[in-house]
Amino acid sequence: MPSRSVAEKWTMKRMRQYDAIVIGAGHNGLCNAAYLAKAGLDVLVVERNPHIGGASVSRELYPGWTYSNCSYVCSLLRPEISRDLELARHGLQVVPYHGGVTFTQDGDHFGNYPDAERLHREMARHSRRDANAYERFEADVTKQTRLIRQFLLATPPDPTSFKPKDLKGLLEFASAFTGMGEEGLLDSVRFWTMSIGDFLDEYFETDVIKAHLSGSGVIGTALGVYSPGTAYVLLHHYMGEVDGNVGAWGFARGGMGAVAEALAASLRAFGGEIVCDADVHRVIVEQGRAVGVALADGTEYRAKLVVSNLDPKRTFLKCFDESDLPAEVVEQARNFKIRGSSGKLNIALDGLPTFNGLSPDSPLMLTDMHCTDSLERMERAYDDWKAGTWSQDPYVDMLIPTTVDPTMAPPGKHMMTVFVQYCPPTLAQGPWTPQARDAFGQTVIDQLAAHSPDFKDLILDCEVRTPHELEDEVGLTEGNIFHGELTFDQLLFNRPFPGCAQYRGPLRGFYLCGSGTHPGGGVMAAPGANAAREILADLKRPDVTPPSYPND
Amino acid sequence: MTPHDDQMLLDTPFASRVQAACELREWESWKGYASPIAYEDVELEYFAVRNATGVFDLTPMTKYRISGPDAAAFLNRLLTRDVGRIRPGRVGYTVWCNDAGMVLDDGTLFHLSPGDYRLCAQERCLDWLLTSALGLDVTIADETAEVAALAVQGPTSCATLRAMGLDGLEALRPFGLRHYPFDGGELMVSRTGFTGDLGYEVWVAPAHAEALWDALFAAGRDHLIRPMGNAALELARIEAGFIQAGVDFVPAEQVVRHGRARSPFELGLDWLVDFDKGHFSGRSALLKERAQGSRFRFVRLDVEGNKPAAESFILNKRGKTVGHATSAAWCPSAKRNVALASLEMPWGRPEDELYAEIYFSRELRWTRVEARCRIIDGPIWDPPRRRQTPAPDY
Ligand SMILES: Cc1cc2nc3c(=O)[nH]c(=O)nc-3n(C[C@H](O)[C@H](O)[C@H](O)COP(=O)(O)OP(=O)(O)OC[C@H]3O[C@@H](n4cnc5c(N)ncnc54)[C@H](O)[C@@H]3O)c2cc1C
Numbered sequence: 001m002p003s004r005s006v007a008e009k010w011t012m013k014r015m016r017q018y019d020a021i022v023i024g025a026g027h028n029g030l031c032n033a034a035y036l037a038k039a040g041l042d043v044l045v046v047e048r049n050p051h052i053g054g055a056s057v058s059r060e061l062y063p064g065w066t067y068s069n070c071s072y073v074c075s076l077l078r079p080e081i082s083r084d085l086e087l088a089r090h091g092l093q094v095v096p097y098h099g100g101v102t103f104t105q106d107g108d109h110f111g112n113y114p115d116a117e118r119l120h121r122e123m124a125r126h127s128r129r130d131a132n133a134y135e136r137f138e139a140d141v142t143k144q145t146r147l148i149r150q151f152l153l154a155t156p157p158d159p160t161s162f163k164p165k166d167l168k169g170l171l172e173f174a175s176a177f178t179g180m181g182e183e184g185l186l187d188s189v190r191f192w193t194m195s196i197g198d199f200l201d202e203y204f205e206t207d208v209i210k211a212h213l214s215g216s217g218v219i220g221t222a223l224g225v226y227s228p229g230t231a232y233v234l235l236h237h238y239m240g241e242v243d244g245n246v247g248a249w250g251f252a253r254g255g256m257g258a259v260a261e262a263l264a265a266s267l268r269a270f271g272g273e274i275v276c277d278a279d280v281h282r283v284i285v286e287q288g289r290a291v292g293v294a295l296a297d298g299t300e301y302r303a304k305l306v307v308s309n310l311d312p313k314r315t316f317l318k319c320f321d322e323s324d325l326p327a328e329v330v331e332q333a334r335n336f337k338i339r340g341s342s343g344k345l346n347i348a349l350d351g352l353p354t355f356n357g358l359s360p361d362s363p364l365m366l367t368d369m370h371c372t373d374s375l376e377r378m379e380r381a382y383d384d385w386k387a388g389t390w391s392q393d394p395y396v397d398m399l400i401p402t403t404v405d406p407t408m409a410p411p412g413k414h415m416m417t418v419f420v421q422y423c424p425p426t427l428a429q430g431p432w433t434p435q436a437r438d439a440f441g442q443t444v445i446d447q448l449a450a451h452s453p454d455f456k457d458l459i460l461d462c463e464v465r466t467p468h469e470l471e472d473e474v475g476l477t478e479g480n481i482f483h484g485e486l487t488f489d490q491l492l493f494n495r496p497f498p499g500c501a502q503y504r505g506p507l508r509g510f511y512l513c514g515s516g517t518h519p520g521g522g523v524m525a526a527p528g529a530n531a532a533r534e535i536l537a538d539l540k541r542p543d544v545t546p547p548s549y550p551n552d
Numbered sequence: 001m002t003p004h005d006d007q008m009l010l011d012t013p014f015a016s017r018v019q020a021a022c023e024l025r026e027w028e029s030w031k032g033y034a035s036p037i038a039y040e041d042v043e044l045e046y047f048a049v050r051n052a053t054g055v056f057d058l059t060p061m062t063k064y065r066i067s068g069p070d071a072a073a074f075l076n077r078l079l080t081r082d083v084g085r086i087r088p089g090r091v092g093y094t095v096w097c098n099d100a101g102m103v104l105d106d107g108t109l110f111h112l113s114p115g116d117y118r119l120c121a122q123e124r125c126l127d128w129l130l131t132s133a134l135g136l137d138v139t140i141a142d143e144t145a146e147v148a149a150l151a152v153q154g155p156t157s158c159a160t161l162r163a164m165g166l167d168g169l170e171a172l173r174p175f176g177l178r179h180y181p182f183d184g185g186e187l188m189v190s191r192t193g194f195t196g197d198l199g200y201e202v203w204v205a206p207a208h209a210e211a212l213w214d215a216l217f218a219a220g221r222d223h224l225i226r227p228m229g230n231a232a233l234e235l236a237r238i239e240a241g242f243i244q245a246g247v248d249f250v251p252a253e254q255v256v257r258h259g260r261a262r263s264p265f266e267l268g269l270d271w272l273v274d275f276d277k278g279h280f281s282g283r284s285a286l287l288k289e290r291a292q293g294s295r296f297r298f299v300r301l302d303v304e305g306n307k308p309a310a311e312s313f314i315l316n317k318r319g320k321t322v323g324h325a326t327s328a329a330w331c332p333s334a335k336r337n338v339a340l341a342s343l344e345m346p347w348g349r350p351e352d353e354l355y356a357e358i359y360f361s362r363e364l365r366w367t368r369v370e371a372r373c374r375i376i377d378g379p380i381w382d383p384p385r386r387r388q389t390p391a392p393d394y
């Protein structure tokens, strides 16, 4: 026994003491680490996978083709962070795309054209009134995005606290709301709690238009278009921007891994380190304080503080000895809503597929494509999820990034990304099997093929991902893409749950920086930066995170 | 030969193709030629240049053919650079000045073959060229209408041109030029451009212009080619930090008000002035300026926030106006809010705290901000592919 403790001491000595360890090299972990390193801290990021990025990753699984395996389009990434960390110089380029299209069952389509007048004509083809109502819809949604955008790069104030900082935050919060006027305030409260279906019914009469616009309200969430709270989810997809164009989306050149790579390059430029293949088994707690991490292979790293990029469930229920945590937190983590609802197909194509009714030169070829033409079909798709199976008639968000990005497939060849709603974390008849996964993939392929006669013949390779793979490979509990449902009870000062909503964990020296914290999921980097700001405040170091651009 | 007829705006030899592609029908006059501001979407056109290939019809660019036994001597008298260093098959960026050392224009000099040159300029300068040629055996001809040209710019531009049959183009170094047979005639390609990215300019006789456009777009389809208009080019050139005659400086011959012209030093173009090569127009004035100091400093600024500082006054810490922005744009690839600015001396030193006074209006309310500016030292946007030889495929 004594000899072993000598050996232990010896390893301890060799083990470097870091200022901070970040668990997980997702984009938020990397962003958090970059800011800590920028502030002069000695930072180590430990990542379970052989590659970095988490759900912001590009991989070549079929030779010559790069897939954005999980996230596939970029908008939420805060421009303040992107500029401040010089992500452009570190290789990130986001190329915008505009618009969308929904194919209808009768062989027609609705084109969400980027040009406002063309869009008006297209809507008017279905309903003149809807075409005009769209202007009101846009203004109303923009009001809400302006409201929320102010709080993205801010720590949510704790409504139960009387600390000056929290009181000031609450005041700012209140004044942003009252700045909208009485009527605006009421609208906001309704908006944040209502369903996307009900919201759209207040503007439009045409099924396909409503179906087209409703998609953003359910993507990534285990809710249907008529479930309360889905209007907010739409907002979550509208509050981003590309180069100041609020609501616009773009492709990260080279796939979404480019976001993580640029953040990692920025981190390294500040002297930070990343270790891959480092699966954290347990956060080491000594005297009520997080002091390091122990990997599955026995390696230990020590630091003055530990930050988790993992979702709250995984963080508290998988990476801690339960006895090291307050019972209440374990309970809160258990109750945290993190239901998986999405799947994804990444497809290598031998050429550009043709779509019924679209010329290959149509600007709609460069947009997001969908096949669900009514809210009724949207809701039915959700019914299947509730029944414990994937949607037999799924809602897809499909794009062909290679129509814009020349780096992801050989010239003339293409890559297709298909995000699928809904796909349950486990099936009614039991856990996922490879056969069930392939059957799910086939359901999606069949649906697309109904609108594209040559699609099936062009498929060279297809990666199918159910929540099972997303949990297994990316570490997303239940495969939830946002690290937890984006419902009001889990937003702002409730995210992930009261008591942990200011990035501080339940014990000293422990912090959260992943999408399970405010302002939530998506490739946004805001949680990472916000957490860094709080950590630096605790360390009494100057804040090196960027201030939010003011609303104009 | 100067084209003239009863049309208000002239067509370039690519007009049939340009008109068909110009869905927005937004045109402006470029030296009397109809030139598209945008074809379909400025943003997509700009990103074609930074992400794939953008094609720009630059035929209206003023072009002079300069040849004869004294061509090099003439050019050395005209230009601030040592023309002897621009070997046959090479291109050089340069400026030329009047006797007061004030910039008349900037442009590119193509050394086509020994003793045979083409000078491309924004402004017309035949009068000045002929005056400068006094006593020299040199022929100067305006060939603006005799040469059709397309700029083919962006990361997939080399792959596009190679797919069009220009074998070995990847080996062409920046500022090099090459000739290829094309459509029964000849095509010249130079690795030059106004975008600060990998890119080429392709030059042909007008008779082959339509064939060139068609071949180029057929070859570029799989490389995501797109035509681009003036607005996208303007954005790309600001991001590249390039100045533009008539915008960032007033060509000295056109200046009416005293003191408004600029010297090369005052435009940050010191590196183009070669005092060791012997006499050239403006030399003594520039020597004097070098000794006594300049009146202005040209800087590239990174402006806080995302509101472009177009036409902004630049203020010092005390709020005093020390200059103004000549060009400005939010630059989407560099992710910087760039302003090119002319400042009074001595302002623009690294330690100076400068602000851009920016006005913008939203829904009938004007806002004024003083945005902190930082001087950009080094390039704003400088992807490695710009210089890589062999040129990459994307
Ligand atoms: C299929 C899919 C599609 C999506 N599409 C989009 C989209 O188009 N646009 C968009 O903005 N957002 C999209 N999202 C959401 C977005 O990608 C995520 O919300 C976001 O990337 C999460 O980032 P994160 O840094 O918070 O966490 P993650 O990316 O989940 O990173 C956590 C990291 O921790 C690592 N890790 C886990 N356990 C351990 C351990 N024990 N030890 C060490 N490391 C560990 C993981 O491997 C991972 O790298 C999508 C998500 C998915 C899954």
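Taken in sequence, the protein lines are chains A and B.
Counting from 1, position 298 in the first sequence corresponds to residue 298 in the working numbering; the numbering is continuous, with no gaps.
Counting from 1, position 389 in the second sequence corresponds to residue 389 in the working numbering; the numbering is continuous, with no gaps.
Ideal Cβ positions, reconstructed from N, Cα and C, are used throughout, including at glycine.
All values derive from a computational prediction rather than experimental measurement.
Buried versus exposed, by CB contacts within 10 Å (16 or more), residue i
i, result
"residue 532 of chain A", "buried"
"residue 276 of chain A", "exposed"
"residue 373 of chain A", "buried"
"residue 134 of chain B", "exposed"
"residue 361 of chain A", "exposed"
"residue 93 of chain A", "buried"
"residue 271 of chain B", "exposed"
"residue 13 of chain B", "buried"
"residue 366 of chain B", "exposed"
"residue 456 of chain A", "exposed"
Close-in-space but distant-in-sequence residues of the same chain around residue i (CB under 8 angstroms, 5 per side omitted)
i, result
"residue 79 of chain B", "94, 95, 96, 109 and 280"
"residue 292 of chain A", "21, 283, 284, 300, 301, 302, 303 and 306"
"residue 3 of chain A", "Note that residue 3 of chain A scores 47 on pLDDT, short of 50, meaning its location in the model is unreliable and no value can be drawn from it."
Contact test: residue i Cβ vs ligand 3 heavy atom, cutoff 8 angstroms
i, result
"residue 481 of chain A", "Here the bound small molecules are ligand 1; ligand 3 is not part of this structure."
DSSP beta-bridge partners of residue i
i, result
"residue 464 of chain A", "A/345"
"residue 432 of chain A", "For residue 432 of chain A, which the question treats as bridged, DSSP gives no partner whatsoever."
"residue 343 of chain B", "B/297 and B/323"
"residue 360 of chain B", "B/367"
Chain-order list of residues whose beta-carbon lies under 7 angstroms from that of residue i (same chain, five-residue window excluded)
i, result
"residue 334 of chain B", "239, 380 and 381"
Neighbourhood of residue i by C-beta, 6 angstroms cutoff - its chain only, sequence neighbours within 5 removed
i, result
"residue 317 of chain B", "353"
Every unbroken beta strand (DSSP E) inside the region 192-242 of chain A [3 residues or more]: Fully enclosed beta strand (DSSP E) runs of 3 or longer: not present.
> Got a sec: which bits of the region 522-549 of chain A sit with their beta carbon under 9 angstroms from any beta carbon on chain B, in order along the chain?
Replying inline: Contacts with chain B (Cβ-Cβ distance below 9 angstroms) from the region 522-549 of chain A involve 549, listed in chain order.
For the region 20-104 of chain B, list the beta strand (DSSP E) runs that are entirely contained and at least 3 residues long, ordered along the chain.
-> You should have 26-30, 33-38, 53-57, 62-67 and 90-97.
Taking Cβ-Cβ distances below 8 angstroms as the criterion, which residues of the region 159-184 of chain B are in contact with chain A?
Listed by position, the residues of the region 159-184 of chain B near chain A (Cβ gap below 8 angstroms) are 159 and 163.
- request: Using a Cβ-Cβ cut-off of less than 7 angstroms, list which residues of the region 231-249 of chain A approach chain B; keep chain order.
  value: Answer set for the region 231-249 of chain A: 243 and 244.
Legend entry - Cβ-based contacts, 9 angstroms cut-off: residues of the region 233-267 of chain B near chain A: Taking 9 angstroms as the Cβ-Cβ cut-off against chain A, none of the residues of the region 233-267 of chain B qualify.
Q. According to a CB-to-CB cut-off of less than 9 angstroms, which residues of the region 392-423 of chain A neighbour chain B?
A. Going along the region 392-423 of chain A in chain order, one finds 402, 403, 404, 405, 406, 407, 410, 411, 412 and 413 with a Cβ nearer than 9 angstroms to chain B.
| Of all the residues that make up the region 67-95 of chain B, which are near chain A by a beta-carbon distance shorter than 8 angstroms? | Residues are counted here when their Cβ sits less than 8 angstroms from a Cβ of chain A; for the region 67-95 of chain B the count is zero.
ask   = Listed from N- to C-terminal order along the chain, which residues in the region 354-371 of chain B have their beta-carbon within a distance smaller than 8 angstroms of any beta-carbon of chain A?
value = Listed in sequence order: 360, 362 and 367.
Query raised in the report: For the region 47-58 of chain B, which residues have a CB atom closer than 8 angstroms to at least one CB atom of chain A, in sequence order?
Result: So the close ones are 47, 50, 51 and 52.
Entirely within the region 106-187 of chain A and at least 3 residues each: give me those beta strand (DSSP E) ranges in chain order.
For the region 106-187 of chain A, the continuous beta strand (DSSP E) assignments of 3+ residues that do not extend past its boundaries occur at 109-112, in sequence order.
request  = With 7 angstroms as the C-beta to C-beta threshold (strictly closer), list the residues of the region 310-332 of chain B near chain A in chain order.
outcome  = Only 330 and 332 from the region 310-332 of chain B bring a Cβ to less than 7 angstroms from some Cβ of chain A.
**OP:** Below 8 angstroms between beta carbons is the criterion; list the residues of the region 139-154 of chain B that meet it against any residue of chain A, in chain order.
**Re:** Those residues of the region 139-154 of chain B that come within reach of chain A (Cβ to Cβ, closer than 8 angstroms) do not exist; the list is empty.
Any residues in the region 287-309 of chain B with a beta carbon nearer than 8 angstroms to a beta carbon of chain A? Which ones, in chain order? Per Cβ criterion, the list reads 305, 306 and 307.
Point to revise | Minimum length 3: unbroken beta strand (DSSP E) runs contained in the region 318-399 of chain A | key: DSSP runs (the beta strand (DSSP E)) wholly in the region 318-399 of chain A: 342-349, 368-370 and 395-399.
Report task. With 9 angstroms as the C-beta to C-beta threshold (strictly closer), list the residues of the region 203-229 of chain B near chain A in chain order. Result -> Taking 9 angstroms as the Cβ-Cβ cut-off against chain A, the residues of the region 203-229 of chain B that qualify are 221, 222, 223 and 224.
Q. Of the residues that make up the region 87-99 of chain A, which ones have a beta carbon closer than 9 angstroms to any beta carbon in chain B?
A. Answer set for the region 87-99 of chain A: 87, 88, 89, 92, 93, 94, 95, 96, 97 and 98.
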